[in-house]
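There are 2 protein chains.
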Amino acid sequence: MDRPAVDELTPPNRTLMGPGPSDVHPRVLRTQTTPLLGHLDPAFLELMDEIQDLLRYVYRTDNEWTFAIPGTGSAAMEAALANCVAPDETVLVPSNGYFGGRMAEMVRRLGGTPVKVEAPWGQPLDPEDVAEAFDSQEIDVVAFVHAETSTGTLQPDVPELTDIAHDEDALVIADTVTSLGGVEFRTDEWGVDVAYSASQKCLSAPPGMSPITVSERARERIEARESPSRSWYVDLSLLGEYWGEKRTYHHTAPISTTYALREALRMASEEGIEDRWERHERVAGALREGLEAMGLSLVSESWLPSLNAVYVPEGVEASAVTDGLLADHDIEVAGGLGDLAGDTLRIGCMGHSARPENVLSLLAALGDVLEGLNGDVEADAALAAARTSL
Amino acid sequence: MDRPAVDELTPPNRTLMGPGPSDVHPRVLRTQTTPLLGHLDPAFLELMDEIQDLLRYVYRTDNEWTFAIPGTGSAAMEAALANCVAPDETVLVPSNGYFGGRMAEMVRRLGGTPVKVEAPWGQPLDPEDVAEAFDSQEIDVVAFVHAETSTGTLQPDVPELTDIAHDEDALVIADTVTSLGGVEFRTDEWGVDVAYSASQKCLSAPPGMSPITVSERARERIEARESPSRSWYVDLSLLGEYWGEKRTYHHTAPISTTYALREALRMASEEGIEDRWERHERVAGALREGLEAMGLSLVSESWLPSLNAVYVPEGVEASAVTDGLLADHDIEVAGGLGDLAGDTLRIGCMGHSARPENVLSLLAALGDVLEGLNGDVEADAALAAARTSL
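As they're listed, the protein sequences go chains A and B. Residues are numbered in the working numbering as their position in the first sequence, beginning at 1, plus a constant of 5. Residues are numbered in the working numbering as their position in the second sequence, beginning at 1, plus a constant of 5.
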């Protein structure tokens, strides 16, 4: 309990090309030097209103309950499940990635019953399998992952999934942690009831606040529940009263993070949401061309621009690649999770990190590191392919 | 869903003398412009270790599980309760303020049974009442508020409370949200099992991460539980694996907030924890002298330096005072909560806000505002008394 000797903050300057956080634009970082407002200051409440408008814009929704949970993406996942799932209710969860497993674990703790829709890691859910699940049991909530960060898989056919669920009077929860602000997602048009996300992926704000939007259908069901959600902290009715007209004190908002999230959303709005989706597809497309020209193949059959999971060449250990990129090039990418650990790399292309110069420097560095590990790759072809594509 | 028109961030420059957040030192704000590290970057893990050492220093503890919850103070409250309280267990909660009520609400949602120890708002708990509660029922956990933010009440006699609880094999949870880093608190010496706090009060970091420390006794009980905590997000075993040697991924840490919390803790350590307690007592003591010389009386019988709740003069509405201070002087103080709403002001004196110049400008402004509202106060006497005391 003596005074610890802790030096000045001098971290290395990384380029973040992993599964998040992504690089934050200096304009966004700079807002965090702004002196704090109180969480009930009229000037702060105005900023909250602006964030709600900006979130509705990127979510493509008119939902009144559109705001940010005071925690990371997993807090938003817990908010979605803890409010939509009453004890003894049944929730369809996907088995095609790491985060479906996390959903199932949360549902169990909330007193619900998770039922898996089977699909291999790296493949999206088949709407037919979802429809079949309804034939054999009563299902109250369908949860799916729009952009699976563990495998780089995009879930297509969202309107088909929501139609199936709504025909059976089930709610639909979408995990858009790695898609919101970077990959096409249309909450209202696609009929999604609850979509949650994170700030530090395609929105490129620092982590710590997590967007969520809730349809009127879901809201009515939540407000009609006999018992309140098991979590007080992420109770959407209480959060809604703080973000809404009542302004009832619930928690002390993360003020600096709020400033930053607002600025990041402002930048998304300035760029235009559809232009932003297009930029991610174009820049990540060049990354993908480069990776494939290098000789690496994608894990997923349904490409997710914001997260490219690729197999490492035979005889190479993924951790040696991530370590080499970090130590010699100050670039962060991640290894795989679960069954994909050891064999795969996860390369993000999100938000402010989704820039041509990042793709080129990553491909050049990756080629160097793999060649240094005696991996059988075409490093020069990779750069040429990416340049052509950009 | 059109692009919202949102301007540059230009908030007013407030002086924060309410119940938190407190003013953040520029040195702390500045760290938040540092580019992000990934949450599993070895350089980031080192910062986490330093934060743990610094937190052990301010908590006066050797507890291994000493880290920060990725959320606000209420998330840390939920972490303490969700992990220590199994369904059907009984928790003694205090009735002498707003936050005891919040504890009771959380306990109910977690499937436990809250039992109140009665004490009027503004008075601390009497250890004899706690002892008596054990005579009439089995109690598994005793929760108390060391520094009640709604009434400005300090709970003395902490070692007496913990002795009573431990004699009956109950765990003790302390809410130190408004005391950690500003008011004497000795986790190990006083035998507290779980103490949680917030970053934005006496530590003067931005809100968004919340310290917690857990004794070996509590940790063993938590790890022996048959069912995991109802909240996955604040599961202390999972959080402990991320902060501990395993470094198992749990959530994406709020990186910028982590930088800031580390710097704020560094400043607390540079000042020295006991000197910091002494500064709060001295500066808040001058504030109290000034308020009393003005003719205002404290709500609480057990003075809490970091939060001074006072009655407004007769005929004055508290909200007119808080509005006047904010509009004409850019100073934030708060009105009362619950039964004290309308009649009281809550004036904080925490962390970087606990400076002589803040106390003098607050007293001068408060005198002006109260005189403007025809309150019967001695404005000049207030300043003289504070000056003498400083």
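By construction, the Cβ of each residue, glycine as well, lies at the ideal position given by its N, Cα and C atoms.
| query | result |
| --- | --- |
| Cβ distance (whole Å) where A323/A is taken to contact L350/A below 8 Å | 6 Å |
| Short CB-CB distance (under 8 Å) between A48/B and chain A | yes |
| Within chain B, the residues that R19/A reaches when beta carbons sit closer than 9 Å | P40, L41, L42, G43, D46, A48 |
| CB contact below 8 Å: D333/B versus chain A | no |
| Coarse secondary structure for E306/A, derived from DSSP in three states | coil |
| Per-residue burial, E337/A [other beta carbons within 10 Å of its own, 16 or more giving buried] | buried |
| Partners in chain A for Y238/B, counting only beta-carbon separations shorter than 7 Å | G76, S79, A80, E83 |
| CB contact below 8 Å: T71/B versus chain A | no |
| For R351/B, the residue or residues it bridges with in DSSP | A314/B, A339/B |
| Segment limits, beta strand (DSSP E) that includes T192/A | Careful: T192/A lies outside any beta strand (DSSP E), inside the alpha helix (DSSP H) at 192 to 195. |
| Paired residues, beta bridge with A179/A - DSSP | F149/A, A200/A |
| Cβ-based neighbour list, R281/A, same chain, cut-off 7 Å, excluding 5 preceding and 5 following | G186, G187, A273 |
| Residues of its chain near T154/B, where Cβ-Cβ distance is below 7 Å and the 5 sequence neighbours each way are ignored | P24, F104, V182, T183, L312 |
| Neighbouring residues, chain B, relative to L34/A (Cβ below 9 Å) | Q37, T38, T39, P40, L41, S261 |
| Residue span of the alpha helix (DSSP H) that contains V98/A, given as start and end | Element bounds for V98/A: not the alpha helix (DSSP H) but the beta strand (DSSP E), 95 to 99. |
| Nearest to A73/B (by Cα), restricted to the options G117/B, L266/B, V315/B, V326/B | L266/B |
| Beta carbon proximity, E279/B to chain C, threshold 8 Å | Absent from the structure: chain C. Protein chains present are A and B. |
| Burial state of R230/B, where buried means 16 or more other Cβ atoms lie within 10 Å | exposed |
| I217/B in three-state terms, based on DSSP | strand |
| Neighbourhood of V288/A by C-beta, 7 Å cutoff - its chain only, sequence neighbours within 5 removed | C354, A359, R360, P361, V364 |
| Three-state secondary structure (DSSP) of L301/B | coil |
| Cβ contact check for the stretch 114 to 122 of chain B and the stretch 246 to 256 of chain B: 3 or more pairs under 8 Å | no |
| Where the alpha helix (DSSP H) through V163/B begins and ends | 163 to 172 |
| Min CB distance S155/A to chain B below 8 Å | no |
| Distance, H171/A Cα to D140/A Cα | 14 Å |
| Endpoints, the beta strand (DSSP E) within which T118/A is located | 118 to 122 |
| Rounded separation between Y254/A and G343/B - CA only | 12 Å |
| Boundaries (first-last residue) of the alpha helix (DSSP H) holding W126/A | That residue, W126/A, is in no alpha helix (DSSP H); it is neither H nor E in DSSP. |
| Contact set for T167/A: own chain, Cβ-Cβ below 7 Å, skip 5 residues either direction | V177, W195, G196, V197 |
| Listed by chain order, chain A residues near V188/B by CB distance under 8 Å | Result: empty, since nearest Cβ-Cβ is about 17 Å, beyond 8 Å. |
| Nearest to Y64/B (by Cα), restricted to the options L130/B, Y201/B, P161/B, V239/B | Y201/B |
| Identity of the residue in P92/A, G300/A, S261/A nearest S234/A by Cα | P92/A |
| Contacts that D58/B makes with chain A (C-beta to C-beta distance below 8 Å) | P9, V11 |
| Within chain B, partners of P211/A - CB distance below 9 Å | Q37, L41, P259, I260, S261, T262 |
| Supposed contact pair Y316/B and V304/B - C-beta distance, whole angstroms, cut 8 Å | 7 Å |
| Opening and closing residue of the alpha helix (DSSP H) in which T262/A lies | 260 to 276 |
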